[in-house]
Amino acid sequence: MNEFTSHHRALTVVAEDEPLLRMETVDTLADEGFEVHEARNAAEAMEHLERLGGVDLLFTDVSMPGERDGLALAREVAQRWPDTRIVICSAWPQPEPDAMPTGASFLSKPFAASSVRKLIR
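Given below as structure tokens:
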């Protein structure tokens, strides 16, 4: 059990357009006790977030199809649901600190499941 799952089944949204990477991340978080909602882009992620009234963890890729990228999604989530922990991942270099919401974590792709587990604990 981690800090999220000690009191309730923690909710997370995984926003990732690459199906295999999304599936691996979803499996890792589900194994950690999260109830995981999958999104292929920021718009789908926001639909989940609004329906759920926010989540405990947002795990988002930076580069996704659609009007909004993962950084814009992360900034909006941080503003609307300030208690949500945010993990931003990308195959590109880490975004500038002022591009990421305060307190967000960055994970460089490709990453191992153990890196995800370590980061969320």
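Its first residue numbered 1, the sequence shown is counted upward by one per residue in my numbering. For glycine and all other residues, C-beta sits at the position ideal for the given N, C-alpha and C.
Item to check | Cutoff 8 Å; reference V62; Cβ partners in own chain excluding five residues on either side | outcome: Walking along the sequence shown from the start, residue 62 turns up at place 62. Excluding positions up to five away in sequence, the list reads D69, G70, L71, I88, C89, S90, W92 and P95.
Item to check | N2 versus G33 - alpha carbon distance | outcome: Here residue 2 is taken as the residue at index 2 of the sequence shown, counted from 1. Here residue 33 is taken as the residue at index 33 of the sequence shown, counted from 1. Reliability of the predicted coordinates at N2 is poor, the pLDDT of 48 falling under 50, and the value obtained from them is presented with this limitation in mind. Distance between N2 and G33, taken at the CA atoms: about 8 Å.
Checklist entry - From R117 to M23, what does the alpha carbon distance come to, in whole angstroms? => result Here the question's residue 117 lines up with position 117 in the sequence shown. Here the question's residue 23 lines up with position 23 in the sequence shown. Taking the Cα positions, R117 is about 15 Å away from M23.
Item to check | Other residues of its chain near A25: CB distance less than 7 Å, five sequence neighbours each side excluded | outcome: Here residue 25 is taken as the residue at index 25 of the sequence shown, counted from 1. For clarity, residue 25 is Thr in the given sequence; the question names Ala instead. Contacts found: V14, E16, F59 and V116.
Item to check | Limits of the unbroken alpha helix (DSSP H) element including D27 | outcome: Counting from one through the sequence shown, the residue named residue 27 turns up at place 27. Note, D27: alpha helix (DSSP H), P19 to D31.
Checklist entry - How big is the Cα-Cα spacing for D98 and Q79? => result In the sequence shown, the residue the question calls residue 98 occupies position 98. In the sequence shown, the residue the question calls residue 79 occupies position 79. A straight line joining the alpha-carbon of D98 with that of Q79 spans about 14 Å.
Item to check | Check whether I120 and L21 have beta carbons under 8 Å apart | outcome: Within the sequence shown, numbered from 1, the residue matching residue 120 stands at position 120. Within the sequence shown, numbered from 1, the residue matching residue 21 stands at position 21. No, they are not a contact pair.
Next on the checklist: Less than 7 Å between C-beta atoms, sequence neighbours within five positions excluded: which residues of the same chain meet that for E38?
Outcome noted: What you label residue 38 is simply residue 38 of the sequence shown in a count that begins at 1. Cβ-Cβ distances below 7 Å link E38 to V14, R22 and V26 in the same chain, with the five nearest sequence neighbours on each side left out; the list follows chain order.
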